[in-house]
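>
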Amino acid sequence: MPDFALPTHYSGDLRRALNRVAWELTISLDADASLIYWVTDDGLCVPLVASGVINDEERKAVFSTSLDSSTDLLVDFILTNLRSVSSGSVSSDHRISPSILTQLKADAALAVPVMGNNRITGLVIAIRKGRYDPFSMNQLSLAEAVSGSIALALENAQLYQATRDRLIETQSIHQVTLALLQKLELDEVLEIVCTEARRLTSARGSSIGLVEGEEWLRIMHSTGETLEK
1 MPDFALPTHY SGDLRRALNR VAWELTISLD ADASLIYWVT DDGLCVPLVA
51 SGVINDEERK AVFSTSLDSS TDLLVDFILT NLRSVSSGSV SSDHRISPSI
101 LTQLKADAAL AVPVMGNNRI TGLVIAIRKG RYDPFSMNQL SLAEAVSGSI
151 ALALENAQLY QATRDRLIET QSIHQVTLAL LQKLELDEVL EIVCTEARRL
201 TSARGSSIGL VEGEEWLRIM HSTGETLEK
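Quick note on numbering: our numbering labels position 89 of the sequence shown as 89, and the sequence is numbered without any gaps.
1. Decide if the stretch 74 to 93 is in contact with the stretch 106 to 116; the criterion is three or more beta carbon pairs, one per stretch, under 8 Å apart.
2. Could you check the C-alpha separation between M220 and R166 for me, to the nearest Å?
3. Name the two residues that bound the continuous beta strand (DSSP E) containing S86.
4. Straight-line CA distance for Y10 to N156?
5. With V49 as the anchor, note down where its beta strand (DSSP E) starts and where it stops.
6. Give me the residue from C194, H174, A153, S207 with the minimum Cα distance to R15.
7. So, S28 versus L140, is the Cβ gap smaller than 8 Å?
8. Kindly indicate which three-state DSSP category I96 falls into: helix, strand or coil?
9. Taking its Cβ as the centre, do 16 or more other Cβ atoms sit within 10 Å of A145, making it buried, or is it exposed?
10. Name, in chain order, the residues that DSSP records as bridge partners for T223.
11. In this structure, does DSSP put R119 in helix, strand or coil?
12. Do you know how far the Cα of R20 is from the Cα of T8?
13. Quick check: the Cα distance between V53 and R199, rounded to an integer number of angstroms?
14. Which value, in whole angstroms, describes the spacing of the CA atoms of F77 and N118?
This is the structure we're talking about:
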């Protein structure tokens, strides 16, 4: 039995972990390729990994855009019905075609929703090319079981990111507070505030402006890229 276990805690490399799962899934399902998507709160499917036999053109088709229900019938079916779907004739299956499956020239396919926190958080897709035999019920059950591990991986990654963001926020507030309490020159305080604002928001630049009159700002300090540059 392949090892589908995912790390309990993440240091950041979610894609590497999911790529290993996608590869094992491709082999176990006797598929040609497997894809894993992250589904946002508003139903947008963002590609995370693609493993198996996928050429450069197909890989570009996968990663060049996100999928949504308005243009992809497979996504519409999954988001509407909240259940897995399998087909042995993708091109003539009007439930799921046209979709990313037709772009990849899949003949047989299965798609499984990844459920977490009472909503769809991801999507797992496996495809076969040149073979019209549908995936078996056992293979579908295996894919659904693996989706549970993927759900935990996505949830852990989101929790890790939330914790990291909160830590950065706390550290930034601490640095600004220290700057205000210490006997620093105004320019030094403004430098710390701008630097921590950039770090907290992952912005390219930060500026502090002073309102003079009712119509314009005078820039007191800035770091990184600014509108003036």
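Backbone N, C-alpha and C fix where the C-beta goes; we use that ideal spot for every residue, glycine too.
According to the data block:
1. At 8 Å Cβ cutoff, the stretches touch.
2. Position 220 of the sequence shown holds residue 220. Position 166 of the sequence shown holds residue 166. Answer to the nearest angstrom: the Cα atoms are 28 Å apart.
3. The sequence position of residue 86 within the sequence shown is 86, counting from 1. 85 to 87 is the span of the beta strand (DSSP E), which, as asked, contains S86.
4. Your numbering for residue 10 matches position 10 in the sequence shown. Your numbering for residue 156 matches position 156 in the sequence shown. With a pLDDT of 40 at Y10, under the threshold of 50, the predicted position of this residue should be treated as unreliable, though the coordinate-derived value follows. Here the C-alpha atom of Y10 lies approximately 7 Å from the C-alpha atom of N156.
5. Residue numbering aside, residue 49 sits at position 49 when the sequence shown is read from its first letter. Looking at the DSSP string, the run of the beta strand (DSSP E) that includes V49 is 45 to 52.
6. Counting from 1 along the sequence shown, the entry for residue 15 is found at position 15. Measuring from the Cα of R15, the nearest candidate turns out to be A153.
7. Reading the sequence shown from its first residue, position 28 is the one you call residue 28. Reading the sequence shown from its first residue, position 140 is the one you call residue 140. Contact: no.
8. Numbered from 1 along the sequence shown, position 96 holds the residue referred to as residue 96. It is coil, neither helix nor strand.
9. Along the sequence shown, read from residue 1 onward, the residue named residue 145 stands at position 145. A145 sits exposed, since fewer than 16 C-beta atoms from the chains shown fall within 10 Å of its C-beta.
10. Mapped onto the sequence shown, residue 223 falls at position 223. Residue pairing of T223 in beta bridges, as defined by DSSP: S206.
11. Along the sequence shown, one-based indexing puts residue 119 at 119. If DSSP states are grouped into helix, strand and coil, R119 belongs with the strands.
12. Along the sequence shown, read from residue 1 onward, the residue named residue 8 stands at position 8. Along the sequence shown, read from residue 1 onward, the residue named residue 20 stands at position 20. For T8, the pLDDT reaches just 41, beneath the cut-off of 50, and the residue's location in the model is therefore unreliable, although a value from the coordinates is still provided. Here the alpha carbon of T8 sits roughly 15 Å from the alpha carbon of R20.
13. Indexing the sequence shown from 1 puts residue 53 at position 53. Indexing the sequence shown from 1 puts residue 199 at position 199. If I take the Cα positions, the gap works out to 40 Å.
14. Numbered from its first residue, the sequence shown carries residue 77 at position 77. Numbered from its first residue, the sequence shown carries residue 118 at position 118. Their backbone Cα atoms lie some 18 Å apart in a straight line.
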